[in-house]
Amino acid sequence: MEHIRTTKVEQVKLLDRFSTSNKSLTGTLYLTATHLLFIDSLQKETWILHHHIAAVEKLALTTSGCPLVIQCKNFRIVHFIVPRERDCHDIYNSLLQLSRQAKYEDLYAFSYNPKQNESERVQGWQLIDLTEEYRRMGIPSLSWQLSDANRDYKICETYPRDLYVPKTANKPIIVGSSKFRSKGRFPVLSYYHQDKEAAICRCSQPLSGFSARCLEDEHMLQAISKANPSNRYMYVMDTRPKLNAMANRAAGKGYENEDNYSNIRFQFVGIENIHVMRSSLQKLLEVNGTRALSVNDFFSGLESSGWLRHIKAVLDAAVFLAKAIVVESASVLVHCSDGWDRTSQVCSLGALLLDSYYRTIKGFMVLIEKDWISFGHKFSDRCGHLDGDPKEVSPVFTQFLECVWHLTEQFPQAFEYNEVFLLQIHEHVHSCQFGNFLGNCQKEREDLKLKEKTYSLWPFLLDDQEKYLNPLYCPSSQKFTVLEPNTVPFNFKFWRNMYHQFDRTMHPRQSVFKLIMNMNDQNKQLEKEIKELESKIKHQKNRQTDTVLNKESLRSIHSDSPALKPSLCFKKEQTLLPGNDAIRTIEGSNTADNRYSEYAEEFSKTEPAVVSLEYGVARMTC
Amino acid sequence: MEFAELIKTPRVDNVVLHRPFYPAVEGTLCLTGHHLILSSRQDNTEELWLLHSNIDSIEKRFVGSLGTIIIKCKDLRIIQLDIPGMEECLNIASSIEALSTLDSITLMYPFFYRPMFEVVEDGWHMFLPEKEFELFSSVTNEWRLSYVNKDFTVCPSYPPIVTVPNCIDDEALKKVATFRHGGRFPVLSYYHKKNGMVMIRSSQPLTGTNGRRCKEDEKLINATLRAGKRGYIIDTRSLNVAQQARAKGGGFEQEAHYPQWRRIHKSIDREGASVLIHGTEGTDSTLQVTSLAQIILEPKCRTIRGFEALVEREWLQAGHPFQQRCAQSAYSNSKQKWEAPVFFLFLDCVWQILRQFPCSFEFNEHFLILLFEHSYASQFGTFLGNNESERCKLKLQQKTMSLWSWVNQPSELSKFINPLFEANSLVIWPSVAPQSLQLWEGVFLRWNRSSKYLDEAYEEMINIIEYNKELQAKVNTLRRQLAELETEDGMQESP
């Protein structure tokens, strides 16, 4: 709280980022412990979580005030004009502090308090059970077993405690292999394909240098190979460009020498490293942020950013992996350098192509929990949760989500979840509101006692799952068992709803998706109503039969009139379900209408129920 | 001339057809006067019927005696035919070449096509200027129909009937015509009933380097403005190009002579003003602008009939030279300088707006694709000729069938209905940010990738909508039934 010098500034202008006419909204800016809040004169609220702030910039003073530009990790950009420079300076400094926490304990998740009791919170953390997930794949099995080698994180700090390895890989092999791999990340099971008896395994690069070898590691690969009875060779996929892998040899690292390993087929797939990806995204964002951008500049900027080329490389690698398993029944070992960025991308996407379970809401959570969280994708470093080394930040997980989005575009009926679900996960990977993505590996999370002190995101998403359902999802269809995406370049397109999520004027003003989603809901209601009406009619008919019978004998007895007057019924017909009109309205059919908050509501964040404005200014309920 | 002269080899056996996403088909290739036909003689395989006029370019290749012809079409499809025998291959190629570039319009397929359907409503008489005029003449008397061009002498590219300000007589119009490129004097394009503002269009004024003036022109243009109102002249060219045009006798309106008007060389934000739009000839970019503006402003233009009327009014009647612009297309190596995808670009713009307002159009993407295809190659006469004058001379109404006669049959129309359509009277402002524009995949990727999954998803969407309608109907029936039962009940129980 010591960071907040000014809690409220009035007469602040929020500029419209893409309007050519310099339109703006005037309102009041509030700074709370967790959010920056702007309420405009129309009482529209714009909430920005401090943790979402990627950069704050104070521009040169203008006649109308001091411009303050805030760039967020969810790609929102807001441009304020604060009338007095001193206020602007105070807010600027406060935001700088608030958006860069030094300690995990200062992150929002540790103070976030949703309406959940203790047992709900504990249950929430138990929602995703990876032991159960491996059991679903048929593991343990005849040839695969749970290893307790890393039970105390002694062999590899960045791996989970529970690891699955071939039965024939005994402890000395595991220990030996781990010593020959970067950060001790030896080959372990990531996904098992029951029908093909083939496995996706993952690890880090071998410490082979120019000529070093390790018998245990060779045995480990052989064990993986032998655990698959349907194919005698296995693939080793090095997801890096060959040049990078070769350069690593000079540092005593490198890649597998095919001569030393029996029956492996070695393959480079050429995904660039985190630094290339970081600067690629940066270039893309620069293009997107340009005012009055021309079509030529947009497309040449998109091209030169290389972003879609990288997305294609990741997806191509996943397709290669899935094909090896489906077509050749071969097991595949995937690695990059440390085995927590590109390896996570390729393993998880490969499994998503192979297994329709990961295309359900719950299954997708499991997939993220398994290949990203438990295997130590460094979320906190990559997302810059804490004030740290900016060179560690990289949009690796964002790329994964974008690959999934591209698949949903090609296979509109194959996914239970919709785009909003992907955007919401992206939002929370950066929000630090839930414990799931804090820290860089499981051990760190345990040390932070996250399961005791914070909440898990997944139950909240499940509670809201109506919002994330794909209305066109076709679960029964077997044709979607394995997805075979077409990765020709023209299938890769700019993901406007991600990178311009908050720039409402850029999006279609009528959403087919929302319309169909509402219609699906409406259909469910109608089905219910039909059932009710039918039973009422049946009841009524029976009653009348009874009445007629009764009348014969009890002519003189009056009963109370029926509950519903017929006239009422006819009136009701006019108001038959509110749905359509509301759905079909055109959102702000107005070129100047660029209010951020409305759109934000659609991809709504779980905002705190009560926000306390510090220094006793006010307590607001929203 | 007989087609037989052009067809050197009418028939070749054992030809193999390659198309993306389809297995190769072996069959017999036949050339007729207007079609290339490949038939596999197996009942279950579809035949290929390709209009020669759809063919944009042909490439030949030989490996030994096996010839290959690659045919690139104006609808952007590319097919490959493997033809055994070098001579046959050469003959077929040169025949197709000749048949796909016939000089005489009267040899085109529409003059030979005999429809297999009954014409319920003749498309040639569906959109008469008098009827269009009636739509707004009840609310204003500022405009009149002029027949000054009835024999196409004042302006050869204008229709016989045009709408002009009431206070300008035909003599004045004739004078104005001499001051405008190609005689295209300013005429009414659109009357906005909500505020009485108008869109008029013309070609460039022939001011030349010495700043020629025409009093009648100034009077006509000012007559379209109400007192004290200002208007905008949108010159679709850049200032530079407009200035250069003066050297060739063309030019633009000097503000000194048109004091109520502001000239701009790009688009404007809305502010309830009348506009005059022209480029150089007023037959291309001018029409793109006026017709797109109507799509945005006028809900009627977003219905199927309204859109047909718009194409009729703003493109066909307005004298967009379809014959010249669509003779060849993107793949052709022998394009003339007057060939340009102007109408196609307009359709792409409409598609972009349709994407942004998917519930505001009565028609779907397929309707736009249909118009794209038929503007380049068709069995119907609608897009033949460069203007009304030419169409009259060709007697298209008597000798060919109108595209609209066919499209507006209920059985055809149902394919083009947008299931999401709900009429709205709003002005629909599209976003023109580059991020909002998309590749028109339905046209550009149509032949390059399978759309199976997308088509299935579309089907599913329609199912949901249809199911919704069914359920609503059922609920209504049941409610009525219940109400009746309860009324009976009430009557039985009343004393």
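One line per chain: the protein sequences are A and B, in this order.
If you're matching positions, the first sequence starts at 1 in the UniProt record's numbering and goes up one per residue.
If you're matching positions, the second sequence starts at 1 in the UniProt record's numbering and goes up one per residue.
Don't be surprised by glycine CBs; every beta carbon is placed ideally from N, CA and C.
Our contact map puts F252 of chain B next to Q204 of chain B with C-beta atoms below 8 angstroms; I'd like the distance itself, whole angstroms only. 6 angstroms
Would D297 of chain A count as contacting chain B if we go by Cβ distances under 9 angstroms? yes
Cβ of S39 of chain B versus every heavy atom of the ligand NAD: is any distance shorter than 8 angstroms? Among the ligands in the structure shown, none appear at all, so the ligand NAD cannot be discussed.
Which value, in whole angstroms, describes the spacing of the CA atoms of L145 of chain B and V162 of chain B? Those two C-alpha atoms are separated by around 6 angstroms.
For a contact defined as C-beta to C-beta under 9 angstroms, what are the partners of S294 of chain A on chain B? P434
In the structure shown, what three-state DSSP assignment does E388 of chain B receive? helix
Just tell me which of A:T46, A:T62, A:R86 has its CA closest to the CA of I70 of chain A. A:T46
With three or more C-beta pairs closer than 8 angstroms as the rule, is the segment 288–305 of chain B touching the segment 359–375 of chain B? yes
Can you pull the chain B neighbours of Q540 of chain A, defined as C-beta to C-beta under 7 angstroms? The contacting residues are L482, L485, E486, D489.
Quick check: the Cα distance between Q205 of chain A and Q267 of chain A, rounded to an integer number of angstroms? 13 angstroms
Please name the residues in the segment 496–517 of chain A whose beta-carbon is closer than 7 angstroms to at least one beta-carbon of chain B, in chain order. R496, H500, T505, M506, P508, R509, Q510, V512, L515, I516
State yes or no: is the beta carbon of T168 of chain A nearer than 9 angstroms to at least one beta carbon in chain B? no
In three-state DSSP terms, what is M108 of chain B? coil
For Q522 of chain A, go through chain B and note every residue whose CB falls closer than 9 angstroms to its CB, in chain order. Scanning chain B for C-beta atoms nearer than 9 angstroms to the C-beta of Q522 of chain A yields N468, L471, Q472, reported in chain order.
Is any beta-carbon of chain B found at less than 9 angstroms from that of N486 of chain A? yes
What whole-angstrom Cβ distance do E272 of chain A and I264 of chain A have, given they're in contact under 8 angstroms? Contact flag wrong, Cβ pair sits at about 24 angstroms.
Taking only three categories from DSSP, how would you classify W447 of chain B? coil
I'd like to know whether the C-beta atoms of E298 of chain B and H366 of chain B end up nearer to each other than 9 angstroms. no
Short check: CB of Y453 of chain B to CB of F298 of chain A, under 9 angstroms? no
According to DSSP, is residue 496 of chain B helix, strand or coil? One cannot answer for residue 496 of chain B here, as it falls past the ends of chain B, which runs 1 to 495.
Reduced DSSP secondary structure (H/G/I, E/B, other) of M491 of chain B: helix
Separation of S294 of chain A from R509 of chain A, as counted between CA atoms: 22 angstroms
Using the C-alpha atoms, what's the distance from L526 of chain A back to L471 of chain B? 6 angstroms
What beta strand (DSSP E) runs, 3 residues minimum, are completely inside the segment 197–283 of chain B? 197–201, 231–235, 261–264, 274–278
Determine the extent of the beta strand (DSSP E) in which H18 of chain B is found, giving its start and end residues. 11–18
Taking 9 angstroms as the CB-CB cut-off, is L98 of chain A touching chain B? no
Taking the alpha-carbon positions, what's the S147 of chain A to M237 of chain A distance? 24 angstroms
Secondary structure at K538 of chain A, three-state DSSP: helix, strand or coil? Annotated three-state conformation of K538 of chain A is helix, per DSSP.
Label S157 of chain B either buried or exposed according to how many other C-beta atoms from any shown protein chain fall within 10 Å of its C-beta, with 16 as the threshold for buried. buried
Taking the beta carbon of L14 of chain A as the centre, do at least 16 other beta carbons fall within 10 Å, making it buried, or is it exposed? buried
Is it the case that the segment 350–361 of chain A contacts the segment 383–394 of chain A, given that we only count it when at least three CB pairs across the two stretches are under 8 angstroms? no
State the DSSP-derived secondary structure class of F307 of chain B, mapped to helix, strand or coil. helix
Would you kindly check if the distance between the Cβ of Q317 of chain B and the Cβ of Y109 of chain B is under 9 angstroms? For the 9 angstroms CB-CB criterion, Y109 of chain B and Q317 of chain B do not form a contact.
Drop a sphere of 10 angstroms on the beta-carbon of F379 of chain A, count the other beta-carbons inside from all chains shown, and report buried for 16 or more, exposed for fewer. buried
Please confirm if T239 of chain A has its CB atom under 9 angstroms from at least one CB of chain B. no
Keeping to the same chain, check which residues put their C-beta closer than 6 angstroms to that of A563 of chain A; ignore five residues upstream and five downstream. Legend: pLDDT at A563 of chain A = 39, less than 50; position of this residue unreliable, value from coordinates given subsequently. Nothing meets the Cβ criterion.
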